[in-house]
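Going down the list, the protein sequences come from chains U and W.
In terms of this note's numbering, the first sequence opens at residue 1 and continues consecutively.
In terms of this note's numbering, the second sequence opens at residue 121 and continues consecutively.
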Amino acid sequence: MAKMTKIEIITRTNKLEELKTALNSIGVEGMTVSQVYGCGLQKGHKEVYRGREYSINLVPKIKLETVVCDVPVEQLLSVAQKVLCTGQVGDGKIFVYDVENAMRIRTGTQGTKAITDDEA
Amino acid sequence: MKKLWSVFLSTFMLMVVTTPIAFAATDAPKIDSGDTAWVLVSAALVFIMTPGLGFFYGGMVRSKNVLTTIMHSFFIVGMISVEWFILGYTMAFGDDATGVIPGIIGSLDKIGLAGTAGQIWTGTSIPELAFVAFQCMFAVITPALITGAFAERVRFKAYALFVLLWAIFIYNPMAHMVWGGGKLFELGALDFAGGLVIHILSGVSGLVICILVGKRKGYGKLPILPHHLPMTVLGATLLWFGWFGFNAGSALGANELAANALITTQAAAAMATVSWVVCEWLHNGKPTILGAASGCIAGLVAITPAAGFVAPMPAVIIGIIGGAVCYFAVAIMKAKLGYDDALDAFGVHGIGGTWGAIATGLWASTAVNSAGANGLFYGDSTLLVAQIISIIVAYLLGGIGSFVLFKVVNAITPFRADEAEEISGLDIVEHGERGYSQSIMTGESLGIQEDITKIN
Numbered sequence: 001m002a003k004m005t006k007i008e009i010i011t012r013t014n015k016l017e018e019l020k021t022a023l024n025s026i027g028v029e030g031m032t033v034s035q036v037y038g039c040g041l042q043k044g045h046k047e048v049y050r051g052r053e054y055s056i057n058l059v060p061k062i063k064l065e066t067v068v069c070d071v072p073v074e075q076l077l078s079v080a081q082k083v084l085c086t087g088q089v090g091d092g093k094i095f096v097y098d099v100e101n102a103m104r105i106r107t108g109t110q111g112t113k114a115i116t117d118d119e120a
Numbered sequence: 121m122k123k124l125w126s127v128f129l130s131t132f133m134l135m136v137v138t139t140p141i142a143f144a145a146t147d148a149p150k151i152d153s154g155d156t157a158w159v160l161v162s163a164a165l166v167f168i169m170t171p172g173l174g175f176f177y178g179g180m181v182r183s184k185n186v187l188t189t190i191m192h193s194f195f196i197v198g199m200i201s202v203e204w205f206i207l208g209y210t211m212a213f214g215d216d217a218t219g220v221i222p223g224i225i226g227s228l229d230k231i232g233l234a235g236t237a238g239q240i241w242t243g244t245s246i247p248e249l250a251f252v253a254f255q256c257m258f259a260v261i262t263p264a265l266i267t268g269a270f271a272e273r274v275r276f277k278a279y280a281l282f283v284l285l286w287a288i289f290i291y292n293p294m295a296h297m298v299w300g301g302g303k304l305f306e307l308g309a310l311d312f313a314g315g316l317v318i319h320i321l322s323g324v325s326g327l328v329i330c331i332l333v334g335k336r337k338g339y340g341k342l343p344i345l346p347h348h349l350p351m352t353v354l355g356a357t358l359l360w361f362g363w364f365g366f367n368a369g370s371a372l373g374a375n376e377l378a379a380n381a382l383i384t385t386q387a388a389a390a391m392a393t394v395s396w397v398v399c400e401w402l403h404n405g406k407p408t409i410l411g412a413a414s415g416c417i418a419g420l421v422a423i424t425p426a427a428g429f430v431a432p433m434p435a436v437i438i439g440i441i442g443g444a445v446c447y448f449a450v451a452i453m454k455a456k457l458g459y460d461d462a463l464d465a466f467g468v469h470g471i472g473g474t475w476g477a478i479a480t481g482l483w484a485s486t487a488v489n490s491a492g493a494n495g496l497f498y499g500d501s502t503l504l505v506a507q508i509i510s511i512i513v514a515y516l517l518g519g520i521g522s523f524v525l526f527k528v529v530n531a532i533t534p535f536r537a538d539e540a541e542e543i544s545g546l547d548i549v550e551h552g553e554r555g556y557s558q559s560i561m562t563g564e565s566l567g568i569q570e571d572i573t574k575i576n
C-alpha cells in the first residue's frame, strides 16, 4: 500500500480561494475546510465598545485538511507556501502527518484507493 | 401573586372609603379629529419603542442571552398594559384632591378605566381614551428601560414580579406627582414627555438593582461583547422613530407645539449622535456604530423633558452636551465606580434624563410654550430650582423604592441566576429555547413519535 500523507494548513481566511485553486492545479481535489480561531506570533487586535477596550487575542483563521498519495508532498508544500506567504506574522502553519489507513464509506474501499478518483 | 391580590383588595376597600366627586364642566370642549388622530398615531409610535428597545438591548448581550433580554421588554408590553388599564391609569391620573394619598397617588374611581368612555381629557380636544392609550405606552416602556441594567443575570420570575410592583408603587405615584396634578406639578416642575418620570426614574432604579444583583460572572476580566450590533442599530432606529410620537405626541394635539417638539427631538438626537461619536473618536481613536446608536438615544433622552418648552437651537446644545455627558458616564464613570450596569440604563437614561431636566430649567421659554415657564437663560431661576427639587425626588423615589422592592422580591424568589445558569445562558435555562439554532443538533423530539405513529 502506497504512503498516504495528511496535510493540515492553517492560514489567513482571505487566502482560501487562491490556495484551493493552486492545490487543484497540482491534482489535489478533495479537502475539508473549517473556520477556526488561533493565536501565535500574531497578537490579535483591540475592540472598543462604548469606550470599554478589549484585547481580542484569538484571530479568525481557516484550516484546510487534505490527504494525498499521488501528489508529491514537497511539491504541495512549495506551492502552498508560494501562495500563502506574505512575509508578515499571521501567515500560518502547515503540518504534515503520516496516515495509517483510509476508507471510502460509500463502497467500503480501503487504502489509497479510498482517496483517489479513478476507483469511483 | 398574593401581593397582587392584596393590592386589588386594598384598592376596592379604598374605593368604598373615598367617595368620587363628579366634575362640573364649565364650558363644553369639543373633540378635534386632527388632534385625536395624531395622539392615536403617537400611541402606536410609542408602542413600537418597547419592542425596539428589546432589539436595541438584545444585540448588545451575548448570543446565549438574546431571547431573555428581548423578552424583558416584550413581556412588559403585555403585563404592564393590563396593569395600566386596571390600576395604573387611575393611580396616576385619578382625581388628586380625592386621591388615595393626595399629591402622590390619584383617586381610584377610574379603576378598570371606569368612567373614561365618552369623556374629553381636561385641557385638550381628544377623548380621554386616547389619552389613556398614549399614557399606557409610557407606562410600558419605563420599566423596560430598567432591564438593561440587570441584563444577562436575573431570573424571569423575580424580574416579572419586580416589574409589576415597580410599575404600581414607583411609576404610578411618580406619574401622578408630575403629570397628574400631584406635588411636583404644583411646584411648577416641567417635564414635557417624561425626563423625570421615565428616564431618571428608570435609570436610577436600574443603577440600584444592578448593584444589588451584582456583576455578571467574568465582568471586567473576560470579554463580554455585543453579539449582534446590526440588531442594536435596528432597535435604536425603532426607538428614534417612535420617539417622535413620544415627544411630539405629548403636545396632545396636532399643532405648532407638536411640530416644535418634533423638531427639537430631531435636533437633539442628531446632534448627540455626532457628539458621542466625536467624543469616542477623540478618546479611543475610532468612530463606532454602537457609539452612534447610543448617542442618538442619549440625545433623545436629554430632549424628552424639554421638547415642548425649548426652541430648536437650545435643543442642539442640549444634544451636544447630552451625547458627551452620557459618553463619559458610560466610558469612564462606570469603569471607575466598577458597577455592572450591563447595557447602561443609568449611564444613558439616568444621566441623560438628569441633564435634560436641568436643561429644561435653563432654556425653557414661554415664547415656545405659553403653558410652560421661563428658564434661567430667559431670566427666571424659579423653574431651575423646581427642576432640581424634582430631580432629587425622582432619585430618592427610584433609589429607595427600588431598593425596598428588590429586598421584597428577593425574599419571595431569588433575583439572581446561579452560576451554572449564568454560564449556560438564560435563554435555555429560563425559557427553554435558543435564539440561533445550529444546523447540527443532537437529541430527540419528545412526544412527537406517538402522534406520528397514530397518524400512520
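Yeah, the Cβ is synthetic: ideal placement off N, Cα and C, and Gly gets one too.
May I ask you to report which of helix, strand or coil DSSP gives Asp460(W)?
Note: Asp460(W) maps to coil in three-state DSSP.
With distances taken Cα to Cα, identify the nearest neighbour of Glu18(U) among Lys82(U), Arg104(U), Glu100(U).
Looking at the Cα atoms, Lys82(U) is the closest of the given residues.
Going by DSSP, what residues sit across from Gln110(U) in a beta bridge?
Looking at the DSSP assignment, Gln110(U) forms a beta bridge with Met103(U).
Nearest to Ala287(W) by CA position, among Met199(W), Leu504(W), Pro407(W), is which residue?
Comparing Cα positions, the closest option is Met199(W).
Through-space distance from Lys303(W) to Leu372(W), alpha-carbon basis:
Straight-line Cα distance between these residues: approximately 22 angstroms.
Could you please give the first and the last residue of the uninterrupted beta strand (DSSP E) stretch that includes Val36(U)?
Val36(U) -> beta strand (DSSP E) spans 32–38.
Range of the contiguous alpha helix (DSSP H) that encloses Lys15(U):
From DSSP, Lys15(U) is part of no alpha helix (DSSP H); its letter is neither H nor E.
Quick check on Leu566(W): does DSSP put it in helix, strand or coil?
Coil at Leu566(W), not helix or strand.
Pick helix, strand or coil for Pro60(U), following the three-state DSSP scheme.
DSSP places Pro60(U) in strand when its eight states are reduced to three.
Here's a check: name, in chain order, each residue in its chain whose Cβ is nearer than 6 angstroms to the Cβ of Val528(W), leaving out the five neighbours to either side.
Closer than 6 angstroms at Cβ, skipping near neighbours: no residue.
Between the CA atoms of Trp401(W) and Thr491(W) - distance to the nearest angstrom:
Before going further, note that residue 491(W) is Ala rather than Thr in the sequence given. Straight-line Cα distance between these residues: approximately 41 angstroms.
What are the partner residues of Phe95(U), as DSSP defines its beta bridges?
DSSP lists Glu8(U) as the bridge partner or partners of Phe95(U).
Less than 8 angstroms between the CB of Ser245(W) and some heavy atom of the ligand FAD, yes or no?
The ligand content of the structure shown is nil, which means the ligand FAD is not present either.
Between Ile560(W) and chain U, is any beta-carbon pair separated by less than 9 angstroms?
By this cut-off, Ile560(W) is not an interface position.
One or two residues paired with Pro247(W) in a DSSP bridge
Paired residues: Ile240(W).
Where in the stretch 188–269 of chain W do unbroken runs of the alpha helix (DSSP H), each at least 4 residues long, occur, reported from the N-terminal end onward?
209–213, 248–266, all fully within the stretch 188–269 of chain W.
Taking C-beta pairs closer than 7 angstroms, name the residues in chain W that Tyr49(U) reaches, listed in chain order.
Contact of Tyr49(U) with chain W by beta-carbon distance below 7 angstroms involves Leu345, Pro346, Leu410.
Just to check my reading of the structure: Lys230(W) and Gly214(W) have Cβ atoms closer than 8 angstroms, yes? What is that Cβ distance to the nearest angstrom?
Between Lys230(W) and Gly214(W), the beta carbon gap of about 5 angstroms places them in contact (Cβ cut-off 8 angstroms).
Identify, in the order they occur along the chain, each residue of the same chain with its Cβ nearer than 6 angstroms to the Cβ of Gly232(W), setting aside the five sequence neighbours on each side.
Closer than 6 angstroms at the Cβ level, and outside the excluded window around Gly232(W), lie Ile206.
Val283(W) and Ile196(W) look like a contact to me (Cβ under 8 angstroms); what is the Cβ gap, rounded to whole Å?
At roughly 6 angstroms, the Cβ-Cβ gap stays under 8 angstroms, so Val283(W) and Ile196(W) are in contact.
Any 3 or more C-beta pairs closer than 8 angstroms across the stretch 534–550 of chain W and the stretch 312–319 of chain W
They do not touch, by the three-pair rule.
Is the CB of Ile56(U) under 9 angstroms away from at least one CB in chain W?
Closer than 9 angstroms: yes.
9 angstroms Cβ cutoff, Lys406(W) in contact with chain U
It does; some Cβ of chain U falls within 9 angstroms.
Using a Cβ-Cβ cutoff of less than 7 angstroms, which residues in the same chain neighbour Ile532(W) once the five nearest sequence positions on both sides are dropped?
Contacts found: Leu281.
Whether or not the stretch 486–504 of chain W and the stretch 416–434 of chain W are in contact is what I'm after, with contact meaning three or more pairs of Cβ atoms, one per stretch, closer than 8 angstroms; do they touch?
Contact check between the stretch 416–434 of chain W and the stretch 486–504 of chain W: three or more CB pairs, one atom from each, fall below 8 angstroms, which counts as touching.
Does DSSP put Lys335(W) in a helix, a strand or coil?
Coil.
Could you run through the stretch 506–517 of chain W and flag, in chain order, every residue whose CB is less than 9 angstroms away from some CB of chain U?
Listed by position along the chain: nothing, the set is empty.
Return the bridge partner residues of Tyr49(U) from the DSSP annotation.
Answer by DSSP bridge pairing, in chain order: Arg52(U).
Just to make sure I have the definition right: I need the residues of chain U whose C-beta is within less than 7 angstroms of the C-beta of Asp464(W). Which are they?
Ordered by position in chain U, the residues that pass the 7 angstroms Cβ test against Asp464(W) are Arg50.
Name the two residues that bound the continuous alpha helix (DSSP H) containing Trp363(W).
For Trp363(W), the enclosing alpha helix (DSSP H) starts and ends at 349–368.
Going by beta carbon distance, what residues of the same chain come within less than 6 angstroms of Gly411(W), once the five residues before and after it are set aside?
Here the set comprises Trp396, Val397, Glu400.
Looking at the unbroken alpha helix (DSSP H) that takes in Gln42(U), where does it start and where does it end?
Per DSSP, Gln42(U) lies in no alpha helix (DSSP H) and is assigned neither H nor E.
Alpha carbon to alpha carbon, how far is Ser414(W) from Gly338(W)?
In a straight line, the C-alpha of Ser414(W) is about 24 angstroms away from that of Gly338(W).
If you draw a straight line from the alpha carbon of Thr13(U) to that of Val28(U), how long is it in whole angstroms?
Distance between Thr13(U) and Val28(U), taken at the CA atoms: about 19 angstroms.
Among Leu316(W), Met257(W), Lys454(W), Ala157(W), whose alpha-carbon lies nearest the alpha-carbon of Ser201(W)?
Minimum Cα distance to Ser201(W) is reached at Met257(W).
Between Ile560(W), Gly521(W), Glu553(W), Phe526(W), which lies nearest to Met294(W) when the distance is taken from Cα to Cα?
Closest by alpha carbon: Gly521(W).
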